[in-house]
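Comments concern the structure below.
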Amino acid sequence: MSGGVRTEVDVGRGLVLRNPILTASGTFGYGLEYEPFVDLTALGGIVVKGISPAPRAGNPPPRIVETPSGMLNAIGLQNVGVERFVREKLPALRERGAVVIVNVFGSSEADYVAVVEALEREQGIAAYELNLSCPNVDKGGLAFGRDPDAMRALTRAVRERTGRPLWVKLTPNVTDIAEMARAARDGGADAVSLVNTYVGMVIDVERRRPVLARRTGGLSGPAIRPLAVAAVDQVHRAIDLPIIGIGGITCARDVVEFMLAGARAVQVGTANYNDPAIAQKLVDELVSWCRAHGVGDVNELVGALEE
Amino acid sequence: MSGGVRTEVDVGRGLVLRNPILTASGTFGYGLEYEPFVDLTALGGIVVKGISPAPRAGNPPPRIVETPSGMLNAIGLQNVGVERFVREKLPALRERGAVVIVNVFGSSEADYVAVVEALEREQGIAAYELNLSCPNVDKGGLAFGRDPDAMRALTRAVRERTGRPLWVKLTPNVTDIAEMARAARDGGADAVSLVNTYVGMVIDVERRRPVLARRTGGLSGPAIRPLAVAAVDQVHRAIDLPIIGIGGITCARDVVEFMLAGARAVQVGTANYNDPAIAQKLVDELVSWCRAHGVGDVNELVGALEE
Amino acid sequence: MPFDVIAAVTDQRELGPDTWLLALDAPQIAAAARAGEFVMLGLPEIDRMLIRRPFSIARVGPAEAGAPRTIEIVYKVFGSRTAMFSTLRPGAKMSVLGPLGRGFWLPEPDGPRELLLVAGGIGIAIFPLLVQQLGARAGEASLLYGARTAAELVLRDWFAERGVAVELATDDGSAGHHGMVTDLLEARLARPARGRRLVMACGPTPMLRAVGDLAMAREVPCQLALEETMACGFGVCLGCVVPRRNPEGEFDRFVRVCTEGPVFDAREVAP
Amino acid sequence: MPFDVIAAVTDQRELGPDTWLLALDAPQIAAAARAGEFVMLGLPEIDRMLIRRPFSIARVGPAEAGAPRTIEIVYKVFGSRTAMFSTLRPGAKMSVLGPLGRGFWLPEPDGPRELLLVAGGIGIAIFPLLVQQLGARAGEASLLYGARTAAELVLRDWFAERGVAVELATDDGSAGHHGMVTDLLEARLARPARGRRLVMACGPTPMLRAVGDLAMAREVPCQLALEETMACGFGVCLGCVVPRRNPEGEFDRFVRVCTEGPVFDAREVAP
Ligand SMILES: Cc1cc2nc3c(=O)[nH]c(=O)nc-3n(C[C@H](O)[C@H](O)[C@H](O)COP(=O)(O)OP(=O)(O)OC[C@H]3O[C@@H](n4cnc5c(N)ncnc54)[C@H](O)[C@@H]3O)c2cc1C
Ligand SMILES: Cc1cc2nc3c(=O)[nH]c(=O)nc-3n(C[C@H](O)[C@H](O)[C@H](O)COP(=O)(O)OP(=O)(O)OC[C@H]3O[C@@H](n4cnc5c(N)ncnc54)[C@H](O)[C@@H]3O)c2cc1C
Ligand SMILES: Cc1cc2nc3c(=O)[nH]c(=O)nc-3n(C[C@H](O)[C@H](O)[C@H](O)COP(=O)(O)O)c2cc1C
Ligand SMILES: Cc1cc2nc3c(=O)[nH]c(=O)nc-3n(C[C@H](O)[C@H](O)[C@H](O)COP(=O)(O)O)c2cc1C
Ligand code: FES
Ligand code: FES
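Protein chains in written order, with my numbering: chain A, 1 to 307; chain B, 1 to 307; chain C, 1 to 271; chain D, 1 to 271.
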């Protein structure tokens with residue numbers, strides 16, 4: 001409840017977020033970096049940078065480049081590994097009372113299972129988000145995200161190890177994203193989050209080389225918003241499972257757009273770089289929008305397109 | 001040859017274009033509308049609006065909406081049909097000496113074959129481009145473009161009816177565009193053109209409706225350029241077949257970018273609306289670019305990334 | 001034939017709430033413009049504005065000094081681009097394509113006429129050029145002009161000064177008739193005509209629909225200026241279509257507002 | 001702690017070919033800035049500029065009137081955004097995040113020093129604040145400053161006026177030594193030191209590499225200000241990394257230029 005508007009959303013398996021605004025993995029660090037700008041507990045949740053069993057160095061630079069209304073990144077899942085995450089990052093987040101969703105990454109089913117098993121022993125984790133969709137690594141991620149059988153099997157393997165809410169993050173680089181969402185559900189996912197980035201490339205024509213050292217990267221930002229909204233709409237019409245909408249969100253209008261397309265909650269990504277306070281501002285703006293439009297409960301928006 | 005730079009490009013089956021700048025189907029009408037702005041014979045070629053066996057009324061409005069650095073369209077292949085095209089449009093184009101590539105559309109294999117058979121009787125057609133990638137119609141197009149077997153069979157069926165250069169236009173809305181390119185080649189295509197538009201959606205949050213009457217549309221414009229460049233690069237590395245690069249081109253740098261990624265020629269689409277003279281300007285700008293960079297033949301650029 | 005030019009802004013003035021007058025130095029377009037035609041307005045840099053926006057040519061001027069040099073646009077800040085346009089000041093450059101479209105058509109001047117110009121809100125923007133081109137015969141025209149509130153009734157004095165009989169309507173009663181502009185039209189059509197009547201209307205879609213219905217019910221010729229989202233403005237994108245109906249009222253085909261309109265016979269289109 | 005503010009442009013001046021000085025009213029950032037730190041500069045509207053751009057805080061001022069109110073940026077027009085920045089005039093608003101990063105570090109002031117500031121081209125932008133913060137000890141500094149041609153040697157008088165010994169080099173010989181700025185450094189390092197030497201360098205990557213090699217060969221401490229493409233500027237995107245090497249010269253890990261730099265010990269990084 002905020003300013004007369006009910007903002008709580010149920011994203012499956014009993015997880016009720018205080019509001020539908022989350023931050024997207026890889027764009028919000030481990031949350032703590034944003035403390036100068038954001039009250040972490042004011043957000044619906046924080047999805048931390050993808051965690052793998054061992055630390056990962058990531059890809060060589062250049063790793064990012066701006067594109068029209070977007071950016072490409074090829075970070076390559078640089079992260080501190082699950083051990084240091086548990087030791088150094090999680091306790092601080094827990095202490096602050098932030099709602100933490102851990103984005104899990106691996107190169108094999110065993111990797112995903114290993115990260116989740118290590119995290120199962122820890123308090124203060126609201127959900128797991130399996131990143132089966134990173135385009136910027138050689139193995140893992142995207143390979144699972146493009147094959148429904150692999151996705152179902154991997155989701156099931158993790159499902160068997162946890163009673164916590166389990167989200168699967170989908171790649172849009174597929175022919176039929178609804179089929180992938182179905183596979184995630186059949187594997188036992190409680191929600192799907194979409195979209196991750198689109199494979200893209202920019203060439204430095206003077207040097208005749210790809211700008212990114214890794215050749216290609218993932219496109220994010222407002223450029224992809226219409227594609228992401230279409231993906232959410234498609235999955236929403238195809239299956240009955242909570243959806244977390246992601247892609248190019250910069251203002252309350254965009255949040256409402258994703259919710260009308262069928263998302264119960266959203267994640268803000270690239271916009272956090274431009275305005276590190278944006279996630280918290282969006283909570284307030286969404287409430288104002290609802291009040292101005294006579295919406296007493298944000299859940300009224302979910303999938304509420306006129307047919 | 002232009003200003004000391006060789007601009008002719010061979011796009012397969014002996015078709016040599018005077019330069020690599022073409023205009024994309026659906027963005028250049030039947031060419032004649034651009035005569036106030038462009039000398040049609042100065043272009044490498046003109047790809048006309050998709051032609052189906054019978055005239056098509058197209059989708060109800062609204063059909064277009066602007067998005068960040070792009071636009072969505074859902075025209076629905078409104079066109080005059082092959083008969084009127086042959087009677088009213090083709091003779092005028094022929095008379096002017098324009099290089100005409102006919103974009104062919106249908107809802108079944110028989111449709112595609114019917115259009116090509118009708119056109120085989122006519123002079124003044126440089127090539128066919130099979131549109132197996134339109135996201136804005138219920139049947140045909142995208143259905144073929146997403147299934148390698150269907151694509152191969154359809155391409156072969158057309159191939160058997162014509163000795164003219166045959167291009168297949170690919171959709172990027174697939175898991176593996178290189179696989180689709182391979183299917184087109186195996187079916188007998190002389191070149192592939194990519195990309196067509198990406199499925200997207202914008203919602204009017206005030207009215208709680210999709211802005212487009214058809215719900216979704218196809219995203220074009222600079223927003224998709226990094227995605228299209230990555231697609232061209234991927235196909236170029238996977239198979240040996242001339243590629244026509246398409247997606248968000250607005251300046252000579254963009255043309256060079258697509259050629260370095262592996263395109264022998266390019267098509268300019270959405271930018272024609274903003275600047276109806278742009279295609280011809282790009283021919284001149286490309287020549288200037290080559291001169292300034294010591295490139296004596298545009299073919300030196302094709303796939304010429306430093307590895 | 002339309003001209004595609006880079007034109008300098010020569011004036012930018014606020015006429016009313018969120019309503020601006022923008023003047024552009026575009027002599028070729030000014031000389032060729034006919035009432036009801038429009039331009040596509042953008043910025044010279046494609047990366048700052050991919051799709052241009054359509055605006056009626058509101059007025060050309062100065063009419064005194066031989067051929068007109070400037071075109072004027074009267075516009076309402078509606079979304080992102082019009083908001084940006086309103087920040088441009090004299091000297092700024094815009095890209096302008098025009099004149100475009102098929103404007104109003106006037107019956108031959110062979111006798112008395114009663115021209116009924118019906119404007120809703122920013123729909124007023126299409127009529128000044130018509131009055132300029134009517135010249136001495138502006139006295140044959142009446143402007144029926146409605147808006148939400150008096151402050152939004154921009155340019156009304158300009159019409160009155162040129163001999164046009166102006167009747168006003170506002171939703172809140174702050175000027176003229178308290179009600180809709182279509183009430184004014186209905187009343188007028190019920191009175192005997194001063195000559196051959198012709199209705200010309202521009203405004204929101206529901207208003208156009210009502211105007212068309214009123215005129216057709218009395219078999220008064222009626223021209224409606226339609227709006228639809230446009231990407232090109234010159235007939236190639238097929239983005240701006242509306243359904244045309246045949247004399248039986250059935251769907252005939254989609255017509256392009258940009259080249260087959262924006263002004264249509266009310267019998268052909270159902271806004 | 002960085003501040004994220006909307007700041008008004010208070011000055012915009014061309015210093016040399018494509019080189020500008022931009023002043024912004026950002027008192028909190030001005031008060032907190034330390035030499036070598038930077039800001040992320042953007043426009044208030046995210047839809048006009050998605051990714052902000054990093055620029056050194058060149059100077060704060062006016063220093064006379066108590067706490068400084070403004071920060072100054074010295075920048076070169078390089079691509080689309082710097083070109084756009086150069087069109088902004090006093091009164092325009094920008095979004096500014098800063099101060100960011102880890103700047104230069106100075107040895108304790110316990111004896112004579114010989115500070116060698118090595119600047120290549122627009123790399124000069126990082127040094128005025130250092131000289132401001134050296135205050136009375138600016139006389140301990142020498143600026144070795146190279147550019148392609150004399151006109152590009154902006155701000156050189158400003159340094160000289162503050163007691164900094166300035167040595168110039170140009171590629172075309174139009175000012176100072178006809179050759180590279182690293183030639184100046186090499187000559188200087190070959191001469192006996194006036195005190196504890198410290199090299200601080202900012203400029204193109206090949207120059208930084210050469211400077212680092214020269215200094216390390218003589219075991220002179222050396223700080224290099226690096227550049228890498230940045231999306232956030234505050235350590236979260238992991239876009240701006242460079243490889244760090246361990247004492248054995250092997251790859252250790254990727255470090256973030258924005259928070260672990262931009263100034264690094266030359267022994268740690270290989271530009
Ligand atoms: C022939 C014609 C003449 C017009 N004349 C005038 C005029 O004289 N004065 C005036 O104020 N307005 C006029 N309009 C409407 C004007 O074009 C829109 O208000 C303007 O495009 C809104 O742009 P925006 O970026 O501010 O709004 P946006 O944020 O883009 O969108 C707001 C709304 O504007 C409409 N719109 C957006 N893009 C276009 C487009 N390319 N073409 C048409 N409509 C669009 C959409 O319906 C949308 O819902 C005219 C429209 C047409 C078709
Ligand atoms: C810590 C730091 C301090 C800097 N200080 C200054 C300064 O004081 N004065 C000055 O003139 N320049 C400075 N730069 C460089 C400046 O950031 C770039 O010149 C600027 O970003 C170019 O933007 P653009 O849009 O004009 O060019 P673009 O068209 O975006 O690109 C041109 C080139 O600029 C570089 N670039 C683009 N985006 C970024 C980014 N987000 N971060 C870093 N580099 C980028 C890329 O290498 C690219 O090849 C600094 C860079 C860093 C990292
Ligand atoms: C620099 C960067 C790093 C990212 N890292 C991850 C990651 O580690 N795990 C993940 O699932 N998604 C990652 N993403 C994808 C985002 O979480 C998000 O899905 C995507 O950026 C689209 O949202 P946006 O358009 O709002 O940025 C990353 C995105 C960016 C820009
Ligand atoms: C309004 C519109 C209509 C289009 N119609 C067709 C078509 O009939 N056949 C086709 O193959 N592609 C069609 N396209 C796709 C373009 O040819 C092109 O592939 C796409 O727009 C990407 O290029 P761009 O980003 O340069 O516009 C259309 C695109 C637009 C914007
Ligand atoms: S606006 Fe393009 S056809 Fe009318
Ligand atoms: S710029 Fe984002 S981590 Fe350095």
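Every residue, glycine too, gets a C-beta built ideally from N, C-alpha and C.
All figures in this text were calculated on a predicted structure; none of them were measured in a lab.
Secondary structure of C:TRP158 (DSSP, three-state): helix.
Runs of the alpha helix (DSSP H) lying entirely within the segment 14 to 55 of chain D, each at least 4 residues long, are 27 to 32 in chain order. C-alpha of D:VAL118 to C-alpha of D:VAL96: approximately 27 angstroms in a straight line. Annotation for B:MET201 indicates a beta carbon at 7 angstroms or more from all heavy atoms of ligand 5.
Judged by pairs of C-beta atoms under 8 angstroms, the segment 50 to 58 of chain A touches the segment 96 to 115 of chain A, as three or more such pairs exist.
Taken in chain order, the members of the segment 65 to 78 of chain B whose beta-carbon sits within less than 8 angstroms of a beta-carbon on chain C are VAL65, GLU66, SER69, GLY70, MET71, ASN73, ILE75, GLN78.
In the DSSP assignment, B:PRO226 falls outside any beta strand (DSSP E) and within the unbroken alpha helix (DSSP H) covering 225 to 238. Among the CB atoms of chain D, one or more fall inside 8 angstroms of the CB of A:TYR273. Excluding the 5 residues flanking it on each side, B:SER2 has same chain C-beta neighbours closer than 6 angstroms at VAL287, in chain order. In the three-state reduction of the DSSP assignment, A:ASN196 falls in the coil class.
A:ASP186 carries a helical assignment under DSSP once its states are collapsed to helix, strand and coil. Our two residues, B:PRO20 and D:LEU116, have alpha carbons roughly 53 angstroms apart in a direct line. Contacts with chain C at 8 angstroms (Cβ-Cβ) do not include B:ARG215. Taking C-beta separations shorter than 6 angstroms and ignoring five residues to either side along the sequence, the partners of A:PRO242 in its chain run VAL11, GLY12, ALA191, ARG264, following chain order. When rounded, the separation of the alpha-carbon atoms in B:THR175 and B:VAL199 is 14 angstroms. Residues VAL199, CYS222, ALA266 of the same chain have their beta carbon placed closer than 7 angstroms to that of D:ALA215, with the five preceding and five following residues left out of the count. At a threshold of 7 angstroms, B:MET71 counts as near ligand 4, since its beta carbon sits closer than that to one of the ligand's heavy atoms. Around the C-beta of A:ASP254, 16 or more other C-beta atoms lie within 10 Å, and the residue is accordingly described as buried. Taken atom to atom, the span from the alpha-carbon of A:VAL47 to that of A:ALA92 is near 15 angstroms. The C-beta separation of A:VAL99 from A:TYR128 comes to about 13 angstroms, leaving the pair out of contact by the 8 angstroms criterion. Within 7 angstroms of the C-beta of D:PRO192 there is not a single heavy atom belonging to ligand 2. Going by C-alpha positions, C:ALA217 is about 11 angstroms away from C:ALA190. Under the three-state reduction of DSSP, A:SER220 is assigned to strand. Against chain A, the CB of D:PHE254 has a partner CB under 8 angstroms away; the residue lies at that interface.
Of the candidates D:LEU43, D:GLU140, D:GLU186, D:LEU100, D:GLU140 places its Cα closest to the Cα of D:ASP110.
Taking C-beta atoms as the reference points, D:GLY101 and D:CYS258 count as a pair closer than 8 angstroms. Along the segment 24 to 55 of chain D, going in chain order, the ones with a CB nearer than 8 angstroms to a CB of chain A are GLY42, ILE46, ASP47, MET49, LEU50, ILE51, ARG52. When DSSP states are grouped into helix, strand and coil, C:TRP105 belongs to the coil group. Contact between the segment 33 to 48 of chain B and the segment 31 to 42 of chain A is not established, with fewer than three Cβ pairs separated by less than 8 angstroms. The C-beta separation of C:VAL9 from C:LEU88 comes to about 5 angstroms, placing the pair in contact by the 8 angstroms criterion. Spatial neighbours of B:LEU305 in its own chain (CB-CB distance under 6 angstroms, excluding positions within 5 residues in sequence) are listed in chain order as LEU260.
Using a cutoff of 7 angstroms, the CB of C:LYS93 does not count as near ligand 1, since none of the ligand's heavy atoms is closer than that.
Residue environment: A:GLN78 is assigned as buried (16 or more neighbouring CB atoms within 10 Å of its CB, all protein chains considered). Taking 7 angstroms as the cut-off, the C-beta of B:PRO226 does not count as close to any heavy atom of ligand 2.
Within chain D, no residue has its beta carbon less than 9 angstroms from that of A:ALA98; the closest one is some 15 angstroms off. The three-state reading of DSSP puts B:ARG6 in strand, counting E and B together.
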